[in-house]
Amino acid sequence: METAAFCQDEAAILQRCRRGSREAFEAVVNRYMKDAYRIALGLVGNHEDAMELSQEAFYRAYLNIRLLKGDRQFFPWFYQILRNLCFTHLRRMRLRRTSALPENEGQEFIAAQGDWFDPDAVTERTELKQALWQAMGKLSDKHREVILLRHFQNLSYDQIAKVMFCNKGTVMSRLYHARKQLRELLDKEKGGSWS
Amino acid sequence: MTCKDYKDLLMGYLDGELSQEQKQDLEKHLQTCSDCRQELEGFRKLIAITDEVTLREPEDKLWDQYWGGIYNRLERSLGWMLFGIAAIALLLYGGFEAVKTLVNDPTIGFMLKIGICALIGGLAILFVSVLRERLFFWSHDRYKDVRR
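Top line first, the protein sequences correspond to chains A and B.
Residue numbering for the first sequence follows the working numbering, beginning at 2 and increasing consecutively.
Residue numbering for the second sequence follows the working numbering, beginning at -18 and increasing consecutively.
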């Protein structure tokens, strides 16, 4: 997540951002845009929304950059903005879809809510990988988040605990429940043949 | 410790995140518990598959345009802010001038003056009310309270 040179200069660059320098903020964006996009993609499941939400998160971060204390790193703080935006977006989407359905179809919708995970977001589309990606879309937001940070961002438990503001034990517990649910969803989809 | 207590540790074991002591403790339990051993293997396979899934990267030209998308938002927010301030100032000035002209015009009847003044006063109250509501929501914006 960090490159050594940027990490050393980050405090100075952020200081310039606080004074309103757009050039400095552009450097921050260039450093973190791919991470931000990948996280948003993992949380909302499609390219267009991920691009839009990650850009919106940077925009809001710039407007509030003075709230980031001098000794803090940018990314854990920015991550909170991004995840809140993504979760709000998902809540709105669920609400829109649920309210558009007849009353008795609500349960079927909940079961199929991973459908908005775009199959094209995954490279090398094998049946199993595709099933796993769709199963990720059916996880709860918090479970999807922990899987994303561990597998797609390759963060250690300590790093995950830092960005999720919890302790290492909670990370382990959440990962257990998330992976258990993933296995159950895959079993349901593939009839247990995948393992 | 029961099997339930060891479940979470299975994750740390597979991800190489346990302390030496926790690792030895879990390995000792695994030697005697076939359920946990079976679960461990199931999770091992899941992790192997999940690690193989990679997300598609957007084309390079989209990264070149990325900052532009943010810059446009910043520029537009400044534009809207200036537009809003100017519109409020002009509305206040126009309203004041209109009331002043109306009150000093001897050709307009008293009742009409009262009616027009009440209309302008009502609009002003509605405007202030909406503005106050917006300011309240802005000050309670969740992103202002983001932990840092």
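Just so it is clear, CB atoms sit at the ideal spot from N, CA and C, and this is done for glycine as well.
{"Item": "Cross-strand partners of A/V123 (DSSP beta bridge)", "Value": "B/L36"}
{"Item": "Cβ separation of A/L183 and B/L27, assumed to be a contact under 8 Å, to the nearest whole Å", "Value": "6 Å"}
{"Item": "Amino acids of chain B, ordered along the chain, whose beta-carbon sits closer than 8 Å to that of A/S157", "Value": "E(-2)"}
{"Item": "Inter-stretch contact at 8 Å, needing at least 3 Cβ pairs: the region 35 to 48 of chain A / the region 147 to 160 of chain A", "Value": "yes"}
{"Item": "Three-state secondary structure (DSSP) of A/M173", "Value": "helix"}
{"Item": "Helix, strand or coil at B/T82 [DSSP, three-state]", "Value": "helix"}
{"Item": "C-alpha gap between A/H178 and A/E125, whole angstroms", "Value": "27 Å"}
{"Item": "Selection from A/G71, A/E24, A/L176, A/R93 that minimises the alpha carbon distance to A/M137", "Value": "A/L176"}
{"Item": "Terminal residues of the alpha helix (DSSP H) in which B/T13 lies", "Value": "1 to 13"}
{"Item": "Any C-beta of chain A under 8 Å from that of B/F24", "Value": "yes"}
{"Item": "Chain B residues whose Cβ lies nearer than 7 Å to that of A/S174", "Value": "D(-11)"}
{"Item": "The alpha helix (DSSP H) enclosing B/C(-16), as first and last residue numbers", "Value": "-16 to -5"}
{"Item": "For A/S1, the three-state DSSP class (helix, strand or coil)", "Value": "The question about residue 1 of chain A has no answer, for chain A in this structure spans 2 to 196."}
{"Item": "Of the residues B/C(-16), B/L116, B/F108, the one placed nearest B/A68, counting alpha carbons only", "Value": "B/F108"}
{"Item": "CB contact flag (A/L159, A/N47, <8 Å)", "Value": "A small fix is needed here, since residue 159 of chain A is Asp in this sequence, not Leu. Contact: no."}
{"Item": "Closer than 7 Å at the beta carbon, the chain B residues around A/H48", "Value": "P39"}
{"Item": "A/R23: first and last residue of the uninterrupted alpha helix (DSSP H) it sits in", "Value": "23 to 45"}
{"Item": "Residue from A/F26, A/R67, A/K143 whose Cα sits closest to the Cα of A/R84", "Value": "A/K143"}
{"Item": "Cβ of A/R184 within 8 Å of any chain B Cβ", "Value": "yes"}
{"Item": "Neighbour-count burial assignment, B/R128, 16 or more Cβ in a 10 Å radius", "Value": "Because B/R128 sits at a pLDDT of 48, beneath the cut-off of 50, its placement in the model cannot be relied upon, and the following sentence gives the value as read from the coordinates. Burial call: exposed."}
{"Item": "C-alpha gap between A/L186 and A/N168, whole angstroms", "Value": "27 Å"}
{"Item": "Inter-residue spacing [alpha-carbon to alpha-carbon] between B/I111 and B/G65", "Value": "In the sequence as displayed, the identity of residue 111 of chain B is Val instead of Ile. Whole-angstrom Cα-Cα distance: 14 Å."}
{"Item": "Top-ranked residue by Cα proximity to A/Y33, from A/D10, A/F76, A/S141, A/R93", "Value": "A/F76"}
{"Item": "Supposed close pair B/L36, A/F153 - CB separation, criterion 8 Å", "Value": "6 Å"}
{"Item": "Buried versus exposed, by CB contacts within 10 Å (16 or more), B/G(-7)", "Value": "buried"}
{"Item": "For A/F79 and A/R39, the rounded distance between their alpha carbons", "Value": "14 Å"}
{"Item": "Cβ neighbours of A/K189 in the same chain (closer than 7 Å, five flanking residues each side left out)", "Value": "none"}
{"Item": "Under the three-state DSSP convention, the category A/S157 falls into", "Value": "coil"}
{"Item": "B/I89 in three-state terms, based on DSSP", "Value": "coil"}
{"Item": "Coil, strand or helix - A/L69 by DSSP", "Value": "coil"}
{"Item": "Exposed unless 16 or more other CB atoms sit within 10 angstroms - verdict on B/A70", "Value": "exposed"}
{"Item": "Residue closest to A/L64, alpha-carbon to alpha-carbon, out of A/A28, A/G21, A/R98, A/G71", "Value": "A/G21"}
{"Item": "C-alpha distance - A/M173 paired with B/S0, whole-angstrom precision", "Value": "13 Å"}
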